[in-house]
Amino acid sequence: MNLLEHQSKALLRDFGVMTPRSVLIKNAHDLSKIKAHLFPSGYVVKAQVATGGRGKSGGVKLVDTAQEAKEAARAMLGSKLTTYQSGGNAVTIESVLVAEKFDIDHEYYLAILLNRRQGQPTMLLSRFGGMDIEEVAQKNPQALLELPIDPWRGLPSFKLRQSAISLEIPGSWIENFISLASQAAALYQTRELGLLEINPLAQTPQGFVALDAKIGLEENALFRQSANKKIYDKNLNSLGPLEKKARALGVSYVPMSGQIGCLVNGAGLAMATMDLIAGHGQQPANFLDVGGGANPEQLQGAFEILFSDKRLKAVFVNIFGGILRCDLIAQALLAANKKSPLAVPLVARLLGNRVEEARHILSRAKLNNIEIFNDLTTAVRAVCRISAQDNHHGHSRQ
Ligand code: GDP
Ligand code: MN
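For the sequence shown, this note's numbering begins at 1 and goes up steadily by one.
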């Protein structure tokens with residue numbers, strides 16, 4: 001789970017990293033926190049959304065006065081933001097961070113993540129931080145320094161000093177940089193994070209400041225990281241009802257913007273399914289991935305989530321039964337249909353373990369809006385044909 005900027009910065013602050021002073025605005029009432037002359041150096045008004053690239057899409061505004069900050073924050077609250085990183089989806093801005101503005105001498109990049117190839121965390125550093133870091137990583141990968149972090153010994157300061165020199169950090173700021181980078185590494189390791197990114201890591205007249213931060217919590221470590229778990233649970237409460245239900249069930253749910261609800265087993269199959277659907281001119285509305293070892297309760301819950309999504313024009317079930325039994329899928333489908341009846345046609349491609357039993361169960365139930373196939377392409381064609389139909393029953397086109 002990725003935290004919002006203000007949550008990420010609070011963690012950094014706990015570990016001694018300098019971040020700008022700020023106030024969080026969650027509703028119109030909170031706007032009164034932006035008092036006149038609150039931040040004499042100016043204001044940065046920032047949409048708190050779990051997607052990057054805000055600066056290029058109007059999600060970050062720099063203004064001079066408290067009045068302007070108030071107006072910018074008011075305009076942002078509740079509005080929608082689409083960035084080049086949000087996958088074509090507009091996200092609603094539920095809160096806004098109003099931070100003090102710093103003068104920036106230079107923008108660096110710092111991140112810590114797990115290098116799976118090396119089996120240890122790595123710190124990434126670049127002299128070319130800021131809004132174009134993706135481009136730097138692509139066109140000029142040698143501009144990214146990689147520092148492996150030994151899980152037992154940590155990151156020795158001589159390594160950070162060497163890096164500071166190749167990053168061309170001015171001599172008078174090197175010690176400041178070393179302590180910030182060490183604090184970031186301590187945070188990453190102590191709290192067992194999945195990701196920590198500071199971009200820009202700004203060199204300012206006051207020293208190094210984390211002007212933006214993104215932290216990803218490692219969900220597999222939550223059971224022994226009670227402070228992380230607290231933040232995680234709090235964020236869960238702000239999820240949509242379908243996402244909440246999926247989390248509680250332990251199935252993975254990815255909402256998207258199309259009209260076909262998909263239930264699959266396995267992430268690879270989900271990808272292939274998405275490609276095939278897109279190749280036939282349609283878009284998935286979501287993916288429910290029940291994995292290999294789902295139990296009947298999880299399967300039924302997954303169908304209930306699908307059946308309650310009001311945006312759907314069709315449901316596509318794509319199961320390759322290796323470990324998962326197709327007959328359990330069929331039973332779960334019927335049970336869910338009893339609880340909240342399916343309102344749109346369902347196309348299933350079932351293959352593998354106990355597929356004949358599954359077919360019997362479904363044909364005995366005599367549901368009229370279900371079609372079952374063995375062949376994937378045929379099934380995708382069928383569901384895409386349904387999704388492509390204009391369904392303006394009952395009212396004429398204006
Ligand atoms: P992102 O685009 O979503 O990554 O949002 P950021 O928080 O990184 O902000 C984007 C850009 O806004 C930064 O790269 C900075 O150039 C600029 N910015 C953010 N905070 C400040 C600040 O305090 N002072 C100045 N001068 N620029 C800022
Ligand atoms: Mn940023």
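Beta carbons are placed, not taken as given, at the ideal position from N, Cα and C, and that holds for glycine.
If we count the other Cβ atoms within 10 Å of its Cβ and call it buried at 16 or more, is residue i buried or exposed?
i: L328; result: buried
i: S126; result: buried
i: Y138; result: Just to set this straight, residue 138 is Gln in the shown sequence, not Tyr. Exposed, because fewer than 16 other Cβ atoms sit within 10 Å of the Cβ of Q138.
i: F158; result: exposed
i: S163; result: buried
i: Q142; result: exposed
i: G59; result: buried
i: I323; result: exposed
i: G301; result: buried
i: D103; result: exposed
i: S8; result: buried
i: P20; result: buried
i: P121; result: buried
i: S22; result: buried
i: H106; result: buried
i: S387; result: buried
i: N318; result: buried
i: D150; result: exposed
i: N286; result: buried
i: A330; result: buried
i: G394; result: Residue confidence is low: G394 scores 37 on pLDDT, short of 50, so the model does not pin down where it sits. Its coordinate-derived value is still stated next. Flag for G394 reads exposed.
i: P170; result: exposed
i: D212; result: buried
i: P284; result: buried
i: N237; result: exposed
i: N228; result: buried
i: Q85; result: exposed
i: E175; result: exposed
How many Å lie between residue i and residue j at the Cα?
i: N220; j: E135; result: 31 angstroms
i: N199; j: R247; result: 30 angstroms
i: T65; j: A47; result: 18 angstroms
i: G250; j: N265; result: 13 angstroms
i: K366; j: P296; result: 21 angstroms
i: L31; j: L11; result: 24 angstroms
i: N27; j: S95; result: 7 angstroms
i: A278; j: A335; result: 30 angstroms
i: R224; j: F15; result: 19 angstroms
i: G291; j: D275; result: 19 angstroms
i: R364; j: M271; result: 32 angstroms
i: G306; j: L269; result: Residue 306 is actually Leu in this sequence, not Gly. In a straight line, the C-alpha of L306 is about 18 angstroms away from that of L269.
i: L346; j: P241; result: 22 angstroms
i: L81; j: K310; result: 23 angstroms
i: A72; j: E168; result: 36 angstroms
i: R397; j: A348; result: Bear in mind that the predicted position of R397 carries a pLDDT of just 36, short of 50, making it too unreliable to give a figure here.
i: H37; j: E68; result: 11 angstroms
i: A99; j: L350; result: 53 angstroms
i: P156; j: I165; result: 15 angstroms
i: R325; j: A90; result: 37 angstroms
i: L62; j: C384; result: 45 angstroms
i: E146; j: I133; result: 15 angstroms
i: K33; j: R381; result: 55 angstroms
i: H29; j: P341; result: 42 angstroms
i: K245; j: S308; result: 11 angstroms
i: N337; j: Q298; result: 14 angstroms
i: N140; j: T92; result: 34 angstroms
i: T273; j: M123; result: 35 angstroms
i: G216; j: E356; result: 43 angstroms
i: Y188; j: L222; result: 14 angstroms
i: A294; j: M1; result: 22 angstroms
i: E243; j: E371; result: 27 angstroms
What does residue i pair with, by DSSP beta-bridge criteria?
i: T204; result: G207
i: K214; result: E197
i: M123; result: I112 and L147
i: H106; result: Q203
i: T399; result: The structure shown has nothing for residue 399, since the chain only spans 1 to 398.
i: P399; result: Limits of the chain in this structure are 1 at one end and 398 at the other, which puts residue 399 out of reach.
i: C262; result: F287 and F316
i: S172; result: DSSP lists no partner for S172.
i: S22; result: A99
i: Y43; result: V63 and E100
i: N2; result: G216
i: G154; result: D150
Would you list the residues whose beta-carbon is nearer than 5 angstroms to any heavy atom of the ligand MN, in the order they occur in the chain?
N199 and D212
What are the start and end residues of each continuous alpha helix (DSSP H) run of 4 or more residues lying completely inside the stretch 281–329, in chain order?
296–307
Which ranges does the alpha helix (DSSP H) cover as unbroken runs of at least 4 residues, wholly within the stretch 339–376, from first to last along the chain?
355–365
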